[in-house]
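The next block holds one structure in the form of structure tokens; read it before the comments.
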Amino acid sequence: MDSLNLCIMSSMAESKVTGIIKSLNTLEDDLDSLNSKAGDMKKQFAIKAQSEIEGLLEKTREMATKEAEVLINTSKEKATAESAKITQDGESKLSEIQSKIDANFDEAVKHVVSTILKA
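Using numbering that gives the first Met the number 0, read the sequence shown as starting at 0 and increasing by one per residue.
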């Protein structure tokens, strides 16, 4: 009877060890699966982050372009206004010079003729 009990106990011990090994193998498989899923999630996060970065970069470029256009247009308007003022001032001075020439033309001609005749 002792040897029968010992055989039964040994068989039960082997069964428990086999169950533990199967459980450990299942846990190992689960860990491998979780590691694989975590790796896939990392890749998805990296792709999503890159996509967000590219989207934000594009929006930043658009905003910078719009701001540059506003600055350029403002500068262009100021330059156009200043150019018009300079042109107007130049025309006014030209008119003033022309008026002085017209007013003193006869006297200048007389002076030139007088100078030539004296020579």
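Here a beta-carbon is modelled for each residue, glycine too, at the ideal position from N, C-alpha and C.
Excluding the 5 residues flanking it on each side, S22 has no same chain C-beta neighbour closer than 8 angstroms. Its chain contains no residue whose beta carbon lies nearer than 7 angstroms to that of A80 once the 5 sequence neighbours on both sides are disregarded.
Distance from the CA of V108 to the CA of S94, rounded to the nearest whole angstrom, comes to 21 angstroms.
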